[in-house]
Structure formats: C-alpha cells, structure tokens
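Taking it in order: structure first as structure tokens, then the write-up.
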Amino acid sequence: MEGSSSSSPAPGLKSAFSSEYDRSQLPDLLKFYYSWIFPYQKYYEWLCYDEDSFSHREFSFTLEDDVYVRYQSFDSCSALKEGIRKNCPFKIDIGAIFNHKPRIHKSIQPGNFRAESKELVFDIDMTDYDDIRTCCSDANICHNCWTFVKIAIKIIDRALSEDFGFSHRLWVYSGRRGVHCWVCDPQARKLSQSARTAIAEYLTLVKGNDQQVKKVSLKQPIHPSINNALGIIDEYIETLVMEQDYLSSEERCNKLVRCLPRRYSEQLQEDWKARNETSWTRWQRMESVLNRDTDDRTCKEVKLQYSYPRLDVNVTKGLNHLLKSPLCVHPKTGRVCVPINLKEIDDFDPFAVPTVSQLCHEFETRTDGKKDYHCTSLAPYMTTFVHFVTSLQSSSSAQRRKSGATSMDF
C-alpha cells in the first residue's frame, strides 16, 4: 500500500472532509493526504536513479506559517515517508543531488559540499504572459489563458525530443497558473550550468522588458526549430486571436502595430478603422499585407511575440535551483500538482484537477476495497506518472546492462 503501513480507515464512512476546498482545513487535509494517499513508493522509484542518488538528494519543506526548511535528505522510502508525515509540508521542493547527504551539510568543510547533478527543468508561468494576455493578469488564469500553455508545452517538448534527443520528459501542472517540465535522461541530469543556460537561451525568443515594444527579431535563414514552432502556433493561432481578442479595440490594434515597420502600421490602422471586423478577420488582413513581402519575417515575428513560450531561464540554468515537487498540493488552490499526459494535452483542464479535499473525501467515502490513490480522482494522473517511471527504469536497466557488457568486453 502506498499511503500507510497501518490499517486504513474503513470504506463507506461518512467523510470528515467536504469535497470543496477550504484552506483553513489544509493542515488536517495534508495530514490525511500524506498518511493515506500520497504515492511514496512510485515517487521514490522516480528519484532513485542509483545507489546514492536518493540519499544525496535535497528536499526542502515549506511548513505552516511559511517556515522554510532546506537541506532535507532521506536514506530510504520509509525515511522519506516518515519525514513528510512528521512535518506535513505545505509545499515540497526538489533540489540537486549533492556529493554528500544534504542533512549533514553543516559538518562538511566549506567548498566541499557541492551539487553534482539534477534534472533539466523548465518553468512556464502565466504571469510572464501578462503583456499579451487580455483575459487575466497576475496569478489569475482561465481556460483562454490555457491555450498559451498548450502551445508552450508542444513547442518545448518537441524541441527537447527532436532537437536534443531527450526521451524522459515529465510535464506537471503547478497547481495554479503554470506547468513544469522535468527532463530525467542521464545526459540531462549531468549537464553543467553553462550547458543548461545554453539550452534555455536556445528556447528563448521573446526578449526585452515591459518597456520594449518589439521583443522578437529573426535572422535569415530562419532556424528549423523556429519554423517547427511556427507550425505548432499555426494550429492554435485562430483560437488564440479570438480568445484574446487581440484586435478588438483601437488600443489593442495600436499596441500590435507598434511592433511593425511604419510602412505597414499606417496602412493597417486605416484598414482596421474603416471596417468593423472581428479580431481574427483583422489578423488575417494583417497577415495578407505582411506576406506580400518576399521577406516574411515580420509576420512570423508578430506570431511569435504573441504566442511563443516564455521561460523562467533562472529556473533552468541553476543547478542549485529548487522546483516544486510533483504530487504536492498548492496551498492557495488546494489542487494537486499532477502529471500531464502529453497525448491528451488538448483535453487537459486545470480546473478539473482534483483538490486535496476532493481526494480525502473520495478516500473516506469509497465503497470498494481499493487503497491509497487508486480509489480517488488522482488515479488517472498516476497512470501517466507510473508509465513515465516504468519507462525511465527500463531505460536505466538497459543502460546498466550495456555498461556491464562493455566492461567485460576485453
């Protein structure tokens, strides 16, 4: 059983928890979630790459009242389980694998305690889209916002797979307004900070601060990876333009044309003022005007500025940077940070992700003999996670067999 070694509450009982999330109940909800539902064994298997990797891994816990505890480490799955249950963290972050166990770092001489490896990670946060999304701002999101995330996941995942050859990529909903990607291939985990920075910069096209008007500049010939990204954007551009209503007002029209050379902007402003049209019709008119040139970079630059992924580069490049763990709970929404099935990305609904209160309620009111997460709405998301872990383990086993055969080849 994943959740506990002792007997679980009997099925069919009246639940002490409402299925509606109440943040004031979070301490009790987390205590129950970590006792009966959290999938410790599969979580441990994911992070247990070799003999020392798990015990040398840093975890950090954010406790109630924002008490932040770093350099936690555990020698086994049972020790991890005990540590999480004892502390009931409001948030769990995962850090690097160090050359010593992080919990004894104070006994190590300065300079001798260092991070040696970590998954290559990416963070996409909707607040970084505030200059182009019109539906929401700050920490708020809606279904229209989520189109940006779908585009970002597809573009980044394709590049990681096809351009860099990474096979083991876990995408996780952050629980509120974004997604994280964990690249777990051995080659990715061993990357230096400079290599991580280079990959992040390779995937970054939108550059500049809030005061900068034009944030994408392309060079000829356009890189194949960018053309691939544009192909993905074209699948969503009509939906995106209509949802965000980019050209519905004079203010929004003026904002867009400031990205264009003057020879285009004046003509388009006149055309748009003369016709009362939808944003999509105006967008198509703009594309028609821009594509008359033999150099079509301007049209592509606009598309990229209004839809291309915005990465938090600092999250990716830092070997010491911690990232929120999959399967923990976002305290403000109560939603669990669930794995995302890439085959069903267009159907993923962040507002349908189960909350910790929903899971606890489902567990207490179950009527069958199922245990831990299997009797809750977490089960389909765990199918994605288990498949990922199994694939990663199979690859690691094959690599070890290959290395063993090579070492005996003399």
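Position 286, counted from 1, in the sequence shown is what numbering that gives the first Met the number 0 calls 285; the numbers after and before it change by one each time, with no gaps.
We treat Cβ as the ideally placed atom computed from N, Cα and C, and that holds for glycine.
By the neighbour-count definition (other C-beta atoms within 10 Å, threshold 16), R365 is a buried residue.
Residue range 56-62 is occupied by the beta strand (DSSP E) that includes T61, with no alpha helix (DSSP H) assigned at that position. Straight through space, the alpha carbons of L239 and C135 are spaced by roughly 14 Å. In terms of CA proximity to G207, R309 leads the group S278, V171, R309. Listed in chain order, the non-local C-beta contacts of V171 below 6 Å within the same chain comprise H179, P325, C336, P338, local neighbours out to five positions each way being set aside.
A straight line joining the alpha-carbon of P38 with that of I198 spans about 32 Å. DSSP links R334 through a beta bridge to T354. Take the alpha-carbon of K302 and the one of I232: they are about 8 Å apart. Along the region 277-336, the alpha helix (DSSP H) occurs as fully enclosed runs of 4 or more residues at 278-289, 296-304, 312-316, listed in sequence order. Going by DSSP, G207 is part of no beta strand (DSSP E) at all; its letter is neither H nor E. Annotation: the continuous beta strand (DSSP E) that includes A95 extends over 90-97. Rounded to whole angstroms, the gap between the alpha carbons of H360 and S248 is 46 Å.
One thing to note: F58 has its Cβ no nearer than 9 Å to the Cβ of L25.
With 16 or more other Cβ atoms from the protein chains shown falling within 10 Å of its own Cβ, S72 counts as buried. Rounded to whole angstroms, the Cβ separation of E363 and A15 is 7 Å, and the two are in contact under 8 Å. Of the candidates S23, L202, C141, the residue whose Cα lies closest to the Cα of L159 is L202.
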